[in-house]
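The numbering used here applies: residue 139 is where the sequence shown begins, and numbers increase by one.
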Amino acid sequence: MGDNQRDKHKHEDDERQRLADRILAIVEDVIYWGIAVVLVAGALVLLGVQVYSFTKLPGDGSAAVLLDILDGLLLVFIFVELLFAVRATLSSRVIVAEPFLIIGVIVCIKEIVVLSVEAADLLADGPQFARAITEVGILGGLVLLLSMAMFVLQVRQQDAADDVAEEAADAGEEADNAEQDLAQAGQERDRAGDKRDKAADLRHPEREADS
139 MGDNQRDKHK
149 HEDDERQRLA
159 DRILAIVEDV
169 IYWGIAVVLV
179 AGALVLLGVQ
189 VYSFTKLPGD
199 GSAAVLLDIL
209 DGLLLVFIFV
219 ELLFAVRATL
229 SSRVIVAEPF
239 LIIGVIVCIK
249 EIVVLSVEAA
259 DLLADGPQFA
269 RAITEVGILG
279 GLVLLLSMAM
289 FVLQVRQQDA
299 ADDVAEEAAD
309 AGEEADNAEQ
319 DLAQAGQERD
329 RAGDKRDKAA
339 DLRHPEREAD
349 S
């Protein structure tokens, strides 16, 4: 009686846990979809602003305006990468690291471009120019590190995919071998049946004569 009561309570606890998991999964989906909608809207607005700014570009093509447009376009790219990360999370229920690494590279490149433009105006100021060049070097190192991290991540993902494909191929080969074994067993069973029939005919020749 006590065991049945404990099993009943355990079953009820499992049911409550599954219900809570389903509710939390639905809430997560709603939040992720909300984030995706905001990212899409933000990317479209930013893209429209950059297109408008480009059409209103002064005739002399001011470097500051062009830099602002480039900054906005890189921000649109960041929004798109975040949207890809959200979409991957919704489809696979796994947070993908690669989009965030790409965003880090984009941010570093954006800062390198800004510092490079500013450094041209700091040639007369030795300390400020040296600091700008140092920051460019540090950001270049970060870009290199993030790129190496993306390469390592892609190699690991490819290795994992190859392992899965190899396991699937091994499973298929084992299934083929099992089918061949079953076919051979059936043939041996048929041959054994033929031998039994022949042996029975030899023991009872009158059957063969009647036939």
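Where is the CB? At the ideal position from N, CA and C, for every residue including glycine.
Less than 8 Å between the CB atoms is what I'm expecting for G180 and F217, so what's the real figure, rounded? Indexing the sequence shown from 1 puts residue 180 at position 42. Indexing the sequence shown from 1 puts residue 217 at position 79. Sure, about 6 Å apart at Cβ, within 8 Å.
Check the Cβ-Cβ distances between C246 and every residue of chain E, and say whether any is below 8 Å. Here chain E cannot be found, since the structure has a single protein chain.
Distance, I276 Cα to D209 Cα: Along the sequence shown, read from residue 1 onward, the residue named residue 209 stands at position 71. Along the sequence shown, read from residue 1 onward, the residue named residue 276 stands at position 138. Going by the C-alpha atoms only, they are around 20 Å apart.
For A270 versus E256, is the C-beta distance shorter than 8 Å? As a first step, residue 270 is located in the sequence shown; it is residue number 132 there, counting from the start. As a first step, residue 256 is located in the sequence shown; it is residue number 118 there, counting from the start. Contact: yes.
What's the C-alpha gap between L228 and Q155? Your numbering for residue 228 matches position 90 in the sequence shown. Your numbering for residue 155 matches position 17 in the sequence shown. Roughly 21 Å between the two C-alpha positions.
Where does A223 land, buried or exposed, given buried means 16+ other C-beta within 10 angstroms? In the sequence shown, residue 223 corresponds to position 85, counting from 1. In the assembly as shown, A223 is a buried residue. Its beta-carbon has 16 or more other beta-carbons within 10 Å.
Cβ-based burial, P265 [other Cβ within 10 Å; buried from 16]: Numbered from 1 along the sequence shown, position 127 holds the residue referred to as residue 265. Result: exposed.
Pick helix, strand or coil for A393, following the three-state DSSP scheme. Outside the modelled stretch of the chain, which goes from 139 to 349, sits residue 393, for which no answer is possible.
Beta-carbon within less than 6 Å of D319's beta-carbon, same chain only, minus the 5 sequence neighbours each way: which residues are those? Working through the sequence shown from its first residue, we reach residue 319 at position 181. Taken in chain order, the list of residues that qualify is empty.
Once you ignore the five residues that flank P237 on each side, which residues in its own chain have a CB closer than 8 Å to its CB? Translated into positions along the sequence shown, residue 237 becomes position 99. The beta carbon of P237 sits closer than 8 Å to the beta carbons of E219, L220, F222, A223 and A226 from its chain, once the five residues preceding and following it are set aside; these are given in chain order.
V165 classed as buried or exposed, judged by whether at least 16 other C-beta atoms fall within 10 angstroms: Here residue 165 refers to the residue found at position 27 of the sequence shown. Residue burial is scored here from C-beta neighbours: V165 has fewer than 16 other C-beta atoms within 10 angstroms and is therefore classed as exposed.
Less than 8 Å between the beta carbons of L213 and V252, yes or no? Numbered from 1 along the sequence shown, position 75 holds the residue referred to as residue 213. Numbered from 1 along the sequence shown, position 114 holds the residue referred to as residue 252. No, Cβ-Cβ distance for L213 and V252 is not below 8 Å.
Using the C-alpha atoms, what's the distance from L284 back to L239? Start at 1 with the first residue of the sequence shown, and residue 239 comes out as number 101. Start at 1 with the first residue of the sequence shown, and residue 284 comes out as number 146. Going from the Cα of L239 to the Cα of L284 covers about 6 Å.
Output the distance between the C-alpha atoms of L233 and I173, rounded to the nearest integer angstrom. Position 95 of the sequence shown, counted from the first residue, corresponds to residue 233. Position 35 of the sequence shown, counted from the first residue, corresponds to residue 173. Just to set this straight, residue 233 is Ile in the shown sequence, not Leu. Put simply, the backbone Cα of I233 is about 14 Å away from that of I173.
Which residues in the same chain have their Cβ closer than 8 Å to the Cβ of S191, if we skip the five residues on either side of it in sequence? Counted from its first residue, the sequence shown places residue 191 at position 53. If we look at S191 and ignore the five residues flanking it on each side, its Cβ neighbours are V203, D206, I207 and G210.
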